[in-house]
Amino acid sequence: MVCSVRFVWAVVAFVIAAAMIGAGIAQRTVFQGPSEATESIQTDGSTAYTLIDGSVLGSLPGAQALRVAGDGEVFVSYGRTSDMQAWLADVPYTAVTLGQENAVQTAVVPASVSAPAAETTTARTPVGSDLWLDEYQQTGSLSTTLQLPADMSVLVASDGTAPAPSDISVTWPIDNSTPWAGPLIAGGAVALLAGIVLYLLGIRHVRRSRRPRRKGLPLPVTEPISIADADAADKGVISSSPSRRGRGALGPGRRALIAVPALGISAALFAGCSADAWPQFVASDSPSPTPTVIVPEGQFPPAVTENQVAKIVSRIATTVAQADSALDATAAETRLTGPALAERKTNYTLRAALPDRPALPAIPAEPVQITLPQTTGTWPRTVMTVVESADATSPTTSIMMMTQADPWSQYRVSYIGNLEASTNLPELAAPYVGATQVPPDSSFLVMQPDQVATAYADLINNGQNSTSWAAFDTANDLLLPAIEENKKNRTDELNQTGQGTAEISFSATAGAAEPIALATLDTGAIVAVNVYESDTAKPTNKDAVIKLDNNPAVKALTGVDQSATGFTTTYTDQIFFYVPSQGSSDKIRLLGYRSSLLEAKVSP
């Protein structure tokens, strides 16, 4: 009875093993779904641009493998959907969106605004726009893997003139892992091994039950007893009878022959199970609390991302470096504007006339240490950056205000200054949050941004007698002493050459450029302004003249070497201030500046 029960359990184990192993193998074969899904997008090729909406890219979870094929150049870029639509507003384009029941649909969107003036004279090209977060270019076909959120889209084009490639496909990975296949196969192998063990134990029990017993019941009278065999067994004689050999117990070799196939099957099954055939148990680490920045509800996104700024600054640095080398003001104008461009133009003029005239400091390309973008959905847009110079021989830290006039324009540096090592910037918002641009006439600061330049000019002119003296932190201002030193040097120089026949006067005024202000976290603002410093040298004797023997720069700018009426020389100061919020007891603090010769002319 015990023997038969073992055989029954062995059969049950074999059945369970077959079911579990079969189910595990079926999950990895016939029941396993596809590993990816592909959506083909066909356009009629009637427009030069195709915009694939973020909803199409995000219609399935996971990374998006994009493939675009065309006859010539293939261009792909991605960025915020709103920015791309603004860039495409002046041309018709093909929009790829999701329709009813998530069906992909295409439609031609007509132009909604007039083309910008700059594009009427130059060929439109999508390459190198500062709006793109990234871009790719290749001939024939292009493949890339993206993982974009819903508010971003992909732009597909050729060269901006030829029709956009019409063969587009997006592929998403599908999770076809079978986490229970491994456990089922493993459990089936265990059940199979258990069945084999039970089967062997049952056979062993049968073998033992057929051996002679020392204290068994008397044999039936009708059953003959072989005395010869019994005597032979007692004498240690081994019988060679086939029937006896057939009923003997299994030896170690035959047991191994039964176990080896079972172990071989299990090993083969386990070898075919990859990591996705097992449940993944990932330990969840409890992150330490970190400060949270709350974005105000309804606030626009920042104009750029950190990666965008790094690329923009690198492009600006490269273009300006090339312009500096070639003394090309037209090239510089593509990346500079306002006071930053004005000082460069003057420097190019001087270097063309005076070979020994040094160039202005190069705009550093990296690393970008601080990024403060304006939060806006319209144009113009402003971004403040702080970039360190990678040049070990002349380490400098530059602070810049960059502006983008419209979607089709590049970012251009309007203000640039040098930060001192001791400068402490106010607390700023994170780059992914951004800051609001403070209006020039804002009354929420201790001084309106459009009054800062005039107030500081008065400070330069009148010193402690200025009505603005108490509003500024003059104790830590490094520009004021530099201006006073320059005044003294110019006066001494004129006295040496004029020998009492000339006089010099100084005046400072607000510059022509409008101030730019971005809010700080304490509701103050970083304000960039422009101030002009002028000195006028005139003869005190009607028979005397002002000579420029020791001033080749003024001579080069005016084209004369002496004047009976004198000369007026103007310097431009690009100054960055921290202006506290209204009600604060803090003073307006200088953060950085750049002073350069701007112009010189003969006095009337």
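Residues in the sequence shown are numbered consecutively from 12, following the working numbering.
The C-beta atom is built at its ideal place from N, Cα and C for all residues, glycine as well.
Check: residue i C-beta below 7 Å from any heavy atom of the ligand NAP
{"i": "Ser-180", "result": "Because no ligand of any kind appears in the structure shown, any question about the ligand NAP cannot be addressed here."}
Element boundaries [alpha helix (DSSP H), containing residue i]
{"i": "Pro-384", "result": "No alpha helix (DSSP H) contains Pro-384, which is instead part of the beta strand (DSSP E) from 379-384."}
{"i": "Gln-96", "result": "92-98"}
{"i": "Glu-344", "result": "340-344"}
{"i": "Ala-575", "result": "Note, Ala-575: premise wrong, no alpha helix (DSSP H); not H, not E."}
{"i": "Lys-553", "result": "Counting along the chain, Lys-553 falls outside any alpha helix (DSSP H), and DSSP gives it neither H nor E."}
{"i": "Ala-567", "result": "563-569"}
Start-to-end residues for the beta strand (DSSP E) that takes in residue i
{"i": "Ile-323", "result": "Element bounds for Ile-323: not the beta strand (DSSP E) but the alpha helix (DSSP H), 317-337."}
{"i": "Met-458", "result": "Per DSSP, Met-458 belongs to no beta strand (DSSP E) and is neither H nor E."}
{"i": "Gly-603", "result": "600-613"}
{"i": "Tyr-589", "result": "578-590"}
{"i": "Leu-529", "result": "527-530"}
{"i": "Asp-514", "result": "First, the amino acid is wrong: residue 514 is Glu here, not Asp. Its beta strand (DSSP E) spans residues 513-521."}
{"i": "Val-394", "result": "392-399"}
{"i": "Val-115", "result": "115-120"}
From the options, residue whose alpha carbon lies closest to that of residue i
{"i": "Ala-555", "options": "Ala-539, Leu-505, Asp-546, Leu-204", "result": "Leu-505"}
{"i": "Thr-54", "options": "Ala-100, Met-31, Thr-108, Asp-101", "result": "Thr-108"}
{"i": "Pro-406", "options": "Asp-484, Val-398, Met-412", "result": "Val-398"}
{"i": "Val-424", "options": "Gly-33, Thr-393, Val-19", "result": "Thr-393"}
{"i": "Gln-96", "options": "Pro-184, Gly-388, Phe-18, Val-449", "result": "Gly-388"}
{"i": "Thr-408", "options": "Thr-329, Gly-603, Leu-470, Phe-578", "result": "Gly-603"}
{"i": "Asp-461", "options": "Gly-90, Asp-484, Val-22, Val-590", "result": "Val-590"}
{"i": "Val-444", "options": "Thr-485, Ala-342, Val-165, Thr-316", "result": "Thr-316"}
{"i": "Ala-337", "options": "Tyr-359, Glu-344, Arg-346", "result": "Tyr-359"}
{"i": "Ala-370", "options": "Val-571, Ile-214, Asp-339, Phe-455", "result": "Asp-339"}
{"i": "Gly-139", "options": "Gly-73, Ala-197, Tyr-422, Gln-158", "result": "Tyr-422"}
{"i": "Gln-585", "options": "Ala-468, Val-208, Ser-477", "result": "Ala-468"}
{"i": "Val-542", "options": "Ala-314, Lys-558, Val-463, Asp-402", "result": "Val-463"}
{"i": "Ile-100", "options": "Lys-558, Leu-212, Leu-62", "result": "According to the sequence shown, residue 100 is Ala rather than Ile. Nearest option by C-alpha distance: Leu-62."}
{"i": "Thr-92", "options": "Ser-592, Thr-182, Met-163, Thr-155", "result": "Met-163"}
{"i": "Ala-24", "options": "Leu-211, Pro-375, Gly-522", "result": "Leu-211"}
{"i": "Val-208", "options": "Val-22, Gly-151, Thr-348", "result": "Val-22"}
{"i": "Ala-34", "options": "Met-412, Ala-200, Pro-375", "result": "Ala-200"}
{"i": "Asn-497", "options": "Gln-310, Gln-111, Leu-608", "result": "Leu-608"}
{"i": "Leu-532", "options": "Ala-76, Thr-345, Gln-448", "result": "Gln-448"}
{"i": "Ala-548", "options": "Asp-597, Arg-501, Pro-72, Pro-450", "result": "Arg-501"}
{"i": "Leu-144", "options": "Arg-135, Thr-579, Ser-154, Leu-159", "result": "Leu-159"}
{"i": "Thr-583", "options": "Ala-446, Asp-452, Lys-612, Glu-544", "result": "Glu-544"}
Residue i, DSSP secondary structure in three states
{"i": "Gln-148", "result": "strand"}
{"i": "Pro-375", "result": "coil"}
{"i": "Glu-544", "result": "strand"}
{"i": "Ser-51", "result": "strand"}
{"i": "Ile-207", "result": "helix"}
{"i": "Phe-311", "result": "coil"}
{"i": "Pro-442", "result": "coil"}
{"i": "Leu-489", "result": "coil"}
{"i": "Gly-56", "result": "coil"}
{"i": "Gly-474", "result": "helix"}
{"i": "Gly-171", "result": "coil"}
{"i": "Val-22", "result": "helix"}
{"i": "Gly-73", "result": "coil"}
{"i": "Gly-35", "result": "helix"}
{"i": "Gly-198", "result": "helix"}
{"i": "Gly-139", "result": "coil"}
{"i": "Val-16", "result": "helix"}
Paired residues, beta bridge with residue i - DSSP
{"i": "Arg-78", "result": "Ser-154, Ser-180"}
{"i": "Gly-428", "result": "Ile-410"}
{"i": "Leu-62", "result": "Ala-106, Leu-166"}
{"i": "Ser-88", "result": "Glu-146, Leu-166"}
{"i": "Ala-536", "result": "Ala-530, Val-590"}
{"i": "Leu-347", "result": "Val-424"}
{"i": "Gln-415", "result": "Arg-392"}
{"i": "Gln-616", "result": "Nothing about residue 616 can be reported from this structure: the residues present for the chain run from 12 to 615 only."}
*State whether the stretch 367-386 contacts the stretch 316-333, with contact taken as three or more CB pairs (one from each stretch) at a distance under 8 Å.*
yes
*Contact the stretch 21-28 vs the stretch 119-126: 3+ CB pairs below 8 Å*: no
*Does the stretch 486-493 touch the stretch 346-364, meaning 3 or more C-beta pairs lie closer than 8 Å?*
no
*Do the stretch 532-543 and the stretch 432-443 meet, that is, are 3 or more Cβ pairs less than 8 Å apart?*
yes
*Counting Cβ pairs, one atom from each stretch, are 3 or more of them under 8 Å apart for the stretch 76-88 and the stretch 167-180?*
yes
*Is the stretch 563-579 close to the stretch 471-483, with three or more CB pairs under 8 Å?*
no
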